[in-house]
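Listed below in structure tokens is the structure:
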């Protein structure tokens with residue numbers, strides 16, 4: 111008796127999901143390295159496209175400059191996190207105590223039963239442990255960066271011979287062109303997304319720092335860095351990037367004015383950059399469904415944690431492009447798109 115195709119598909123998906131979960135320790139650094147390599151390749155290509163005194167930048171010099179830019183960025187991230195982690199850990203209990211005092215003052219004006227329920231709910235949440243755990247996880251993330259850098263170094267070394275390997279794997283020139291075109295589409299789309307997202311994130315983090323530092327908000331450098339990183343997480347990243355420094359401003363100052371300034375100004379920056387600047391830069395190159403992005407964010411966040419959220423959209427882009435090339439799976443690509451068009455197609459007129 112023939113096994114139904116849908117049953118085989120379900121079994122394969124279940125096995126793949128189990129593998130992704132069990133092999134997290136191996137796959138997560140590798141996926142992070144691929145994302146970082148994509149950013150590095152974009153930086154190198156941008157530098158190689160420049161002209162100095164009418165002469166193009168040599169490819170070898172573009173590689174050195176690109177690596178230097180990425181290393182400087184990683185060094186800055188490590189310096190900020192390691193330099194302020196201890197002070198932030200020490201300040202968290204004080205912030206929690208002040209936040210609880212504000213909460214108690216707020217619920218005092220509510221109905222007795224409602225206030226009691228809110229207080230019981232708050233006591234079940236260990237805010238200090240959660241916050242210090244987040245800081246600790248950020249520090250542990252830095253310890254795994256050596257493996258990621260090692261992966262990226264080998265990927266960079268293999269970049270020049272990839273085309274030759276592809277021709278050897280697929281002697282048929284037409285087949286090699288098809289596979290090469292697919293890989294090129296994936297690399298171009300992911301590289302464009304990562305590059306634009308990085309530029310937008312740097313812009314958002316810099317402008318947020320220009321707001322937080324003059325206000326005197328504690329750990330302005332850390333919040334600016336987190337805003338930069340959170341910007342890679344679709345939809346909820348900008349919300350988190352506004353809420354966290356706003357809470358600190360609320361408990362740090364005796365007046366509510368700094369809190370309102372952070373919420374309004376940083377929130378407005380996040381909204382304008384995320385809804386005006388970024389779409390203009392992206393154009394229609396990545397027409398992804400907002401609902402599919404949320405589902406991808408939740409799924410990969412549940413499977414791989416915070417790093418899964420960062421990787422959710424690039425993974426979704428890869429799935430969308432690959433499925434568009436397989437007739438039996440094109441429906442997946444159509445569902446993932448925002449307007450029902452396949453990658454490379456013009457959107458259908460309504």
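Residue numbers (my numbering): 111 to 460. Ideal Cβ placement from N, Cα and C applies to all residues, glycine included. The model shown is predicted, which means the values in this text are computed figures rather than measured ones.
Which residue from the options puts its Cα closest to that of residue i?
i: residue 331; options: 401, 126 and 316; result: 316
i: residue 208; options: 362, 135, 262 and 431; result: 362
i: residue 421; options: 300, 161 and 152; result: 300
i: residue 260; options: 391, 385 and 146; result: 146
i: residue 158; options: 150, 169 and 151; result: 169
i: residue 202; options: 328, 373 and 370; result: 328
i: residue 269; options: 148, 400, 419 and 114; result: 148
i: residue 143; options: 418, 438, 155 and 447; result: 418
i: residue 119; options: 446, 438 and 449; result: 438
i: residue 172; options: 154, 182, 188 and 180; result: 154
i: residue 132; options: 442, 448, 414 and 445; result: 414
i: residue 336; options: 411, 190, 139 and 440; result: 190
i: residue 465; options: 447, 441, 440 and 436; result: Outside the displayed range of the chain (111 to 460) lies residue 465, so it cannot be described from this structure.
i: residue 319; options: 347, 379 and 345; result: 379
i: residue 399; options: 409, 451 and 412; result: 451
i: residue 206; options: 357, 163, 403 and 176; result: 357
i: residue 263; options: 177, 130, 184 and 182; result: 177
i: residue 341; options: 402, 323 and 381; result: 381
i: residue 347; options: 403, 364, 294 and 323; result: 403
Put residue i into one of helix, strand or coil per three-state DSSP.
i: residue 238; result: Any reading at residue 238 needs caution, since the residue's pLDDT is 48, under 50, leaving its predicted position unreliable; the model's value is listed next. Helix, per DSSP.
i: residue 407; result: helix
i: residue 299; result: helix
i: residue 280; result: coil
i: residue 311; result: helix
i: residue 259; result: helix
i: residue 114; result: coil
i: residue 128; result: helix
i: residue 162; result: strand
i: residue 399; result: coil
i: residue 451; result: coil
i: residue 327; result: coil
i: residue 247; result: Confidence at residue 247 is low in this model, with a pLDDT of 49, below 50, so the placement of that residue is unreliable and no value is reported for it.
i: residue 343; result: coil
i: residue 121; result: helix
i: residue 443; result: helix
Under DSSP, the alpha helix (DSSP H) around residue i begins and ends at which residues?
i: residue 439; result: No alpha helix (DSSP H) contains residue 439, which DSSP labels as neither H nor E.
i: residue 134; result: 134-158
i: residue 334; result: 330-340
i: residue 361; result: 346-362
i: residue 378; result: 377-382
i: residue 68; result: The first residue shown for the chain is 111 and the last is 460, placing residue 68 beyond what the model contains.
i: residue 168; result: No alpha helix (DSSP H) holds residue 168; DSSP gives it neither H nor E.
Within 10 Å of its beta-carbon, does residue i have 16 or more other beta-carbons around it, so buried, or fewer, so exposed?
i: residue 367; result: exposed
i: residue 352; result: buried
i: residue 355; result: buried
i: residue 434; result: buried
i: residue 247; result: Its pLDDT being 49, under 50, residue 247 is placed unreliably in this model, and the coordinates cannot settle the point.
i: residue 110; result: Residue 110 lies beyond the residue range present for the chain, which begins at 111 and ends at 460; the question has no answer from this structure.
i: residue 459; result: Because the pLDDT at residue 459 is just 49, under 50, the model does not fix this residue reliably, and the point stays unresolved.
i: residue 430; result: buried
i: residue 333; result: buried
i: residue 386; result: exposed
i: residue 443; result: buried
i: residue 174; result: exposed
i: residue 389; result: exposed
i: residue 407; result: buried
i: residue 291; result: exposed
i: residue 141; result: buried
i: residue 410; result: buried
i: residue 344; result: buried
i: residue 192; result: exposed
Please work out which residues of its chain come closer than 6 Å, Cβ to Cβ, to residue i, disregarding the five sequence neighbours upstream and downstream, and give them in chain order.
i: residue 137; result: none
i: residue 338; result: 311 and 315
i: residue 180; result: 150
i: residue 152; result: 301 and 305
Can you list, in chain order, the residues of its chain whose CB lies under 7 Å from that of residue i, leaving out five sequence neighbours each side?
i: residue 167; result: 157, 158 and 160
i: residue 313; result: 383
i: residue 139; result: 254, 257, 258 and 261
i: residue 134; result: 414
Beta-carbon within less than 8 Å of residue i's beta-carbon, same chain only, minus the 5 sequence neighbours each way: which residues are those?
i: residue 325; result: 359, 368, 371 and 372
i: residue 391; result: 306, 309 and 310
i: residue 427; result: 296, 299, 300, 303, 396 and 398
i: residue 321; result: 371, 372, 375, 376 and 379
i: residue 194; result: 329, 331 and 332
Quick one: is residue i near chain C, going by C-beta distance under 9 Å?
i: residue 305; result: Absent from the structure is chain C; it holds one protein chain and no more.
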